[in-house]
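Protein chains in written order, with this note's numbering: chain X, 186 to 570; chain R, 120 to 244. Below is one structure; the comments refer to it alone.
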Amino acid sequence: MPDYARVHALSENRALTSSPDSLKKTPLHRLHVELGAKMVPFAGYDMPVQYPAGILKEHLHTRAHAGLFDVSHMGQLRLHGANPAAALESLVPAELQALAPMRMRYTQFTNDQGGILDDLMVTNAGDHLFVVVNAACKHADIAHLQAGLAGRVAVEYLEDRALLALQGPAAAAVLSRLVPGAATMPFMSFAKAAIRGIPVLLTRSGYTGEDGYEISVVNAEAEAVAHLLLGEPEVSPIGLGARDSLRLECGLCLYGHDIDQTTTPVEAALMWSIAKRRREQGGFPGAAVVQAQLRDGVARKRVGIRPEGRQPAREHTEIVDAAGVRIGEVTSGGFGPTLGGPVAMGYVATAQAAPGSAVTLMVRGKPLPAQVVKLPFVPQNYYRG
Amino acid sequence: MSILRFTKDHEWIQVEDGIGTVGITDYAQHALGDLVFVELPELGREVVQGGEVAVVESVKAASEVYAPVDGEVVEANPGLTDEPAIVNTDPQGAGWFFKLRLSEPAQLDALMDEDAYKSFLEGLE
């Protein structure tokens, strides 16, 4: 423990010198420090990258039991208006008008070139849409929504709410003790509930590849909810380090890395998130580009990559073909604790994008043999009723 | 008689009969977190003080290990290839990285002894 305190002090000093006093804190900040977390700056917030157990154990614990994540830095929004689903469709390619009440969907804000401004979750909460966006993009997203939907939709930024994620195979059993009926909520559904009298907004969703929930609660009650969940024997606190290795292993994109303004949903292999009506009718920014790519194909695609051996290939690692010609770049890369080996995602030329294709990763000037593989690297474990 | 010295980059070197065993300190392994891969230097390689000799990779990131002094690599720890986590559990013992035949032993004089390194760590807090 003293050594963790030391590391913690070091990282705090670094955070203070790199961005003096400007780091924001989530309502769970005090709890993270109490739990011995190593805090690092992330998207303008002082966030726990790991707790004393460490990234490896936290990752494995989440896949075996349940982990509690603080994702309060993400942006929670409400869109109010006569028909917010129809209005929001002018900014995203998802089918939202057919989204049933109490159901949620993954989509992206696109730009006029079909590039991705951010990815987000949209919930039909009945009389409004409940939207969760990435921390680093949230202020730009709000401005984009206000400009794009002016006169049709009012954007409410829920700055007073924290967001917790409970993820793992034991998540349903744990939450059922506090919220009767939680275990049978459908995957990608929404419910209003109460945890020991504290009102919460629940979604059966997450970003780890495991079953689980995201729990929105007012800031003032966030610590109480976190304590209740951490009091259950299966639950451990999990930092952003393991959140990243968990999402990479299950093949999910990290905005600013695997997707950005220069990658389209077609190149990013996110076409599953664009329904037939929207593909045909368009009506979202960059629709012409996306439709042309669907018709004519794309020059590059996002794929899963397994390096041979144990050495990880990190973001920006160059990918070359057998002749040494550059065919792409790694956008996320690291070690998959569940798989017990290195894993990566990146973009490669379409000719080499089929699973089984042999590629070479140039790691610190040395060629590392690797193979294109189907995503996810580990099976998804979502609730299927 | 053996001499133990430390660098500001958190490497240690234990020198006996002109051969120095090099590893990273407990402080360094804590700061790096769980190690999943170690790239060791090839035998016979001539290294210079402060030059990059090995690479350690945690789940999250890659970091370099530097040569504490000039010398020739004469041995690398084969145990680290299959079980890099030894560095986390025994950084100043079984988790050693490589051995050097020192070419400029006088360079040791400028490195920190154990007490000086402890003070150095306290200064980081």
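Positions of the beta carbon are idealized from the N, C-alpha and C atoms, including for glycine.
CB contact check: residue i to chain R, cutoff 9 Å
i, result
"Val318(X)", "no"
"Phe520(X)", "yes"
"Ala427(X)", "yes"
"Val234(X)", "yes"
"Pro527(X)", "yes"
"Ser517(X)", "no"
"Gln496(X)", "yes"
"Arg549(X)", "yes"
"Ser421(X)", "no"
"Ser275(X)", "no"
"Arg432(X)", "no"
"Arg215(X)", "no"
"Arg362(X)", "no"
"Ala389(X)", "First, the amino acid is wrong: residue 389(X) is Arg here, not Ala. No - not a single Cβ of chain R is within 9 Å of the one on Arg389(X)."
"Arg569(X)", "no"
"Arg288(X)", "no"
6 Å Cβ shell around residue i - same chain, five flanking residues per side excluded
i, result
"Ser222(R)", "Asp189, Gly190"
"Lys323(X)", "Gly260"
"Ala190(X)", "For Ala190(X), the predicted structure reports a pLDDT of 30, less than 50, and the residue's modelled location is therefore unreliable. A value from the coordinates is still provided. Closer than 6 Å at the Cβ level, and outside the excluded window around Ala190(X), lies no residue."
"Phe520(X)", "Pro497, Pro527"
"Ala453(X)", "Ile444, Arg487"
"Gly164(R)", "The sequence given here has Arg at residue 164(R), not Gly. Contacts found: Val192."
"Gly299(X)", "Thr449, Gly471, Val474, Val475"
Whole-Å CB distance - residue i paired with residue j, under 8 Å assumed
i, j, result
"Val175(R)", "Val206(R)", "7 Å"
"Leu455(X)", "Gln293(X)", "7 Å"
"Ala126(R)", "Leu230(R)", "Note that residue 126(R) is Thr in the sequence shown, not Ala. About 6 Å; that satisfies the 8 Å criterion."
"Gln424(X)", "Ala339(X)", "What sits at residue 424(X) in the sequence shown is Gly, not Gln. Going by Cβ atoms, the distance from Gly424(X) to Ala339(X) rounds to 35 Å, so no, they are not a contact pair."
"Pro212(X)", "Ala347(X)", "5 Å"
"Ala195(R)", "Pro160(R)", "6 Å"
"Glu202(R)", "Tyr185(R)", "At roughly 23 Å, the Cβ-Cβ gap does not stay under 8 Å, so Glu202(R) and Tyr185(R) are not in contact."
"Thr247(X)", "Ala368(X)", "The Cβ separation is near 18 Å, so there is no contact."
"Asp303(X)", "Tyr440(X)", "6 Å"
Close beta carbons around residue i, own chain, < 7 Å, minus the five adjacent residues each side
i, result
"Ile459(X)", "Pro278, Ala279, Pro450"
"Ala310(X)", "Phe375"
"Pro522(X)", "Leu241, His244, Leu245, Ser430"
"Gly239(X)", "none"
"Ala409(X)", "Ile383"
"Ala228(X)", "His258, Ala320, Ala321"
"His313(X)", "Arg263, Leu264, His265, Pro269"
"Ser203(X)", "With a pLDDT of only 44 at Ser203(X), under 50, the local geometry of the prediction cannot be trusted, and the value read off the model is given with reservation. The answer, listed in chain order, is Pro226."
Minimum Cβ-Cβ distance from residue i to chain X less than 9 Å
i, result
"Ser182(R)", "no"
"Ala203(R)", "The question names Ala, but residue 203(R) in the sequence shown is Pro. It does: the Cβ of Pro203(R) has a partner Cβ on chain X nearer than 9 Å."
"Asp153(R)", "yes"
"Val166(R)", "no"
"Thr200(R)", "yes"
"Val174(R)", "yes"
"Lys179(R)", "yes"
"Phe156(R)", "yes"
Same chain, Cβ closer than 8 Å to residue i, neighbours up to 5 away in sequence not counted
i, result
"Leu154(R)", "Gln148, Val175, Glu176, Ser177, Pro203, Ala204, Val206, Asn207"
(request) May I ask you to list, following chain order, the residues of the segment 236-257 of chain X that have a beta carbon less than 7 Å from some beta carbon of chain R? (result) Gly239, Ile240, Leu241: these are the residues of the segment 236-257 of chain X whose beta carbon lies less than 7 Å from some beta carbon of chain R, given in chain order.
(message) For the segment 346-358 of chain X against the segment 273-288 of chain X, do three or more pairs of beta-carbon atoms, one drawn from each stretch, fall closer than 8 Å, so that the two count as touching?
(response) no
(request) Give a yes or no on contact between the segment 494-514 of chain X and the segment 528-539 of chain X, applying the rule of three or more CB pairs nearer than 8 Å. (result) Judged by Cβ distances under 8 Å, the segment 494-514 of chain X makes contact with the segment 528-539 of chain X, as three or more pairs qualify.
(message) Between the segment 511-530 of chain X and the segment 456-466 of chain X, can you find at least three pairs of beta-carbon atoms closer than 8 Å?
(response) no
(message) Three or more C-beta pairs under 8 Å: does that hold for the segment 413-431 of chain X against the segment 482-494 of chain X?
(response) no
(message) Any C-beta of chain R within less than 8 Å: which residues of the segment 467-494 of chain X qualify?
(response) Against chain R - using a Cβ distance shorter than 8 Å - the segment 467-494 of chain X contributes no residues.
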